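Novice: Numbering (our numbering), first residue to last: 69 to 605. Take this structure, written in structure tokens, and hold onto it; I'll ask about it next.
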């Protein structure tokens with residue numbers, strides 16, 4: 069029995085050591101330690117690709133409803149030009165068919181729009197916030213209107229399909245500017261917002277309660293010199309008590325159709341930011357009841373419904389002229405990536421399918437070779453000379469670019485296996501090896517992005533995959549962890565591309581990359597590199 073126990077214990081220890089060694093082997097070359105390495109050779113093979121531009125600017129809008137974040141502001145890209153983002157949002161009540169009590173009188177009206185930020189603690193133990201999706205250091209003018217245009221959830225005439233609103237639709241909406249609600253200058257700050265709730269007059273021992281909130285735009289509407297005052301909201305909400313317009317969500321949205329936020333630069337400058345639309349609100353605080361027992365209550369209007377974003381571009385002709393000539397046969401010399409209603413690149417792997425069997429000939433040949441794929445990647449080199457030629461000043465280069473399958477409009481399998489990818493605030497911070505970050509020179513200029521597509525290529529080599537997808541899209545992305553996509557205007561489902569990631573729509577950064585045309589120097593030309601091992605003869 070003692071011998072058996074000793075044997076079991078020994079086997080357990082050996083098992084643990086074996087597992088630990090196996091984990092370490094994950095970082096070694098595939099096959100090492102499993103077979104005699106002298107029977108294998110390792111090498112790299114390079115495949116030409118075809119990469120060309122697809123622009124939306126001045127041609128097609130991109131879908132903006134379905135985006136979970138809010139977008140506002142003015143972005144001046146020294147490379148591409150300017151974009152002004154405004155938005156129209158449905159508004160709903162937190163509760164419907166409510167009784168407001170006897171003689172309701174408004175105390176205050178508070179507008180709140182939280183910015184996206186990350187939180188940390190400094191050496192003194194104090195909470196600090198850092199804004200993570202604000203670009204520009206000058207104020208914009210933000211004007212809010214009650215809209216007379218009805219944003220629908222479903223599209224006419226039969227109202228069975230979901231409504232789609234594109235980035236160039238808002239100028240065509242009649243009555244989008246209704247009653248003026250407020251107008252003010254806005255410059256996001258990373259300072260926390262302290263709110264204080266006064267002591268309840270009926271409980272003398274209760275002290276005021278101070279709360280530290282994350283950075284946000286917060287101010288009282290009832291104290292504004294112009295715009296909608298307390299009397300306006302008294303008539304818009306409380307005077308409608310018991311009427312059908314406050315009965316449910318649909319009737320209220322048909323009555324109070326939405327709020328239009330219009331952004332504009334001030335003196336040719338401004339800022340562009342994302343905000344937390346789900347937690348943006350207008351809260352009306354009021355008291356009601358008999359004079360000797362007034363009760364404090366509130367009404368909340370939220371912005372969580374359907375919305376549309378207008379992206380008003382004023383791009384440089386020096387860039388748009390280049391985008392007008394696209395070479396889909398040999399590929400373009402330069403790839404112009406621009407977020408928003410900008411431009412993207414299409415990549416075709418493995419060349420032509422001459423026999424129309426659904427499998428490009430170069431891929432069919434590769435399938436016949438008995439190879440163990442160690443890594444496959446696409447490296448995109450930044451064309452700094454073109455940026456220097458076209459940009460009026462230093463640009464803010466995107467930290468990452470995003471690749472997706474144009475036939476399924478889904479990310480590559482490599483992203484789903486990239487278990488360490490994490491997000492903070494509204495942007496991706498760390499963790500992805502699939503979407504390599506921008507490498508830079510010592511002076512901060514971008515060199516290249518390396519996109520690892522190992523698992524995707526392995527799947528293409530699977531002979532049971534008789535209809536492999538070999539068309540990919542490349543876009544600038546605000547957050548590669550956000551994979552949902554929106555429609556491209558005037559594109560059908562059989563067009564590639566037909567959809568673009570929302571994370572690209574809300575991003576405004578841009579860059580220029582070397583393409584795949586033979587005129588590009590070989591060292592910077594876009595290629596597919598496959599590192600492999602195979603048995604020696």
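Cβ atoms here follow ideal geometry from the backbone N, Cα and C, with glycine treated the same way. This structure is a prediction, so every number in the text was calculated from the model and none was measured.
#1: Hey, is the region 205 to 215 in contact with the region 326 to 342, meaning 3+ C-beta pairs nearer than 8 Å?
#2: Can you look up residue 437 in the DSSP assignment and give me helix, strand or coil?
#3: Could you pull out every unbroken beta strand (DSSP E) segment of at least 3 residues lying fully inside the region 319 to 364, listed in chain order?
#4: Tell me whether residue 282 is buried or exposed, calling it buried when 16 or more other Cβ atoms sit within 10 Å of its Cβ.
#5: Whole angstroms is fine: what's the gap from residue 319's alpha carbon to residue 162's?
#6: Locate the alpha helix (DSSP H) running through residue 389, then write down its first and last residues.
#7: Can you grab the Cα-Cα spacing for the pair residue 602 / residue 432, in whole Å?
#8: Are three or more beta carbon pairs between the region 335 to 352 and the region 174 to 185 nearer than 8 Å?
#9: Under 8 Å by Cβ, that's how I've got residue 27 and residue 508 pegged, so tell me the actual separation to the nearest angstrom.
#10: Which residue from 196, 474, 463 and 153 puts its Cα closest to that of residue 186?
#11: Since residue 125 is in the alpha helix (DSSP H), which residue starts that stretch and which ends it?
#12: Counting pairs of Cβ atoms below 8 Å between the region 125 to 138 and the region 460 to 473, do you hit three or more?
#13: Please state whether DSSP places residue 377 in a helix, a strand or coil.
#14: If you run the structure through DSSP and keep just helix, strand and coil, what is residue 465?
#15: What residue range is occupied by the uninterrupted beta strand (DSSP E) comprising residue 527?
#16: From this set, 130, 572 and 594, which residue's C-alpha is nearest residue 37's C-alpha?
#17: Are residue 235 and residue 378 close, meaning C-beta to C-beta below 8 Å?
#18: Taking all protein chains shown into account, do 16 or more other C-beta atoms lie within 10 angstroms of the C-beta of residue 449, making it buried, or fewer, making it exposed?
#19: Return the Cβ separation of residue 356 and residue 171 in integer angstroms, given the expectation that the two are a contact with Cβ distance under 8 Å.
#20: Under 8 Å: do the region 560 to 568 and the region 407 to 418 share three or more Cβ pairs, one atom per stretch?
#21: Using the rule of at least 16 other Cβ atoms within 10 Å of the residue's Cβ for burial, across every protein chain shown, is residue 284 buried or exposed?
#22: Kindly identify the DSSP beta-bridge partner or partners of residue 562.
#23: If I'm right that residue 595 touches residue 206 with Cβ under 8 Å, what's the distance once you round it to whole angstroms?
#24: Please return the same chain residues whose Cβ sits closer than 8 Å to the Cβ of residue 154, not counting the five positions on each side in sequence.
#25: DSSP has residue 214 in a bridge; who is on the other side?
#26: When burial is assigned at 16 or more other CB atoms within 10 Å of the CB, is residue 447 buried or exposed?
#27: Compute the beta-carbon to beta-carbon distance between residue 240 and residue 558, rounded to the nearest angstrom, for a pair I have assumed lies under 8 Å.
#28: For residue 291, count neighbouring Cβ atoms within 10 angstroms of its own Cβ and tell me buried if that reaches 16, exposed if not.
Specialist: So, to answer that:
#1: yes
#2: Numbered from 1 along the chain shown, position 369 holds the residue referred to as residue 437. Three-state DSSP puts residue 437 in coil, outside helix and strand.
#3: 327 to 333, 340 to 343 and 349 to 356
#4: Walking along the chain shown from the start, residue 282 turns up at place 214. Its Cβ being crowded by 16 or more others within 10 Å, residue 282 is buried.
#5: Here residue 319 corresponds to residue number 251 of the chain shown, with the count starting at 1. Here residue 162 corresponds to residue number 94 of the chain shown, with the count starting at 1. Cα to Cα, the separation comes out at about 14 Å.
#6: Here residue 389 is taken as the residue at index 321 of the chain shown, counted from 1. 385 to 391 is the span of the alpha helix (DSSP H), which, as asked, contains residue 389.
#7: Taking the chain shown and counting its residues from 1, the one referred to as residue 602 is at position 534. Taking the chain shown and counting its residues from 1, the one referred to as residue 432 is at position 364. Their Cα atoms are separated by approximately 17 Å.
#8: yes
#9: Past the boundaries of the shown model lies residue 27; the chain is included only from 69 to 605, so the question cannot be answered.
#10: Numbered from its first residue, the chain shown carries residue 186 at position 118. Comparing Cα positions, the closest option is 196.
#11: The residue you call residue 125 lines up with position 57 of the chain shown. Unbroken run through residue 125: none, as it is neither H nor E.
#12: no
#13: Translated into positions along the chain shown, residue 377 becomes position 309. Here residue 377 sits in strand by DSSP.
#14: Counting from one through the chain shown, the residue named residue 465 turns up at place 397. If DSSP states are grouped into helix, strand and coil, residue 465 belongs with coil.
#15: Position 459 of the chain shown, counting from 1, holds the residue named residue 527. It is not in any beta strand (DSSP E) - residue 527 instead sits in the alpha helix (DSSP H) that spans 522 to 529.
#16: For residue 37 there is no data in the structure shown, the boundaries of the chain being 69 and 605.
#17: On the chain shown, position 167 is the one that residue 235 refers to. On the chain shown, position 310 is the one that residue 378 refers to. Yes. Within cutoff.
#18: Your numbering for residue 449 matches position 381 in the chain shown. So residue 449 counts as buried.
#19: Numbered from its first residue, the chain shown carries residue 356 at position 288. Numbered from its first residue, the chain shown carries residue 171 at position 103. So it is a contact: roughly 6 Å between Cβ atoms.
#20: yes
#21: Residue numbering aside, residue 284 sits at position 216 when the chain shown is read from its first letter. So residue 284 counts as buried.
#22: Residue 562 sits at position 494 when you count from the first residue of the chain shown. In the DSSP output, where bridge partners are listed per residue, residue 562 has none listed.
#23: Here residue 595 refers to the residue found at position 527 of the chain shown. Here residue 206 refers to the residue found at position 138 of the chain shown. Contact flag wrong, Cβ pair sits at about 42 Å.
#24: Here the question's residue 154 lines up with position 86 in the chain shown. Contacts found: 140, 238, 328, 329, 330, 331, 377, 378 and 380.
#25: For the purposes of this step, residue 214 is identified with residue 146 of the chain shown, where counting begins at 1. Beta-bridge pairing links residue 214 to 327.
#26: As a position in the chain shown, residue 447 is number 379, starting the count at 1. With 16 or more other Cβ atoms within 10 Å, it is buried.
#27: Walking along the chain shown from the start, residue 240 turns up at place 172. Walking along the chain shown from the start, residue 558 turns up at place 490. Going by Cβ atoms, the distance from residue 240 to residue 558 rounds to 15 Å, so no, they are not a contact pair.
#28: For the purposes of this step, residue 291 is taken as the residue at position 223 of the chain shown. Looking at its Cβ environment, which holds fewer than 16 other Cβ atoms inside 10 Å, residue 291 is exposed.
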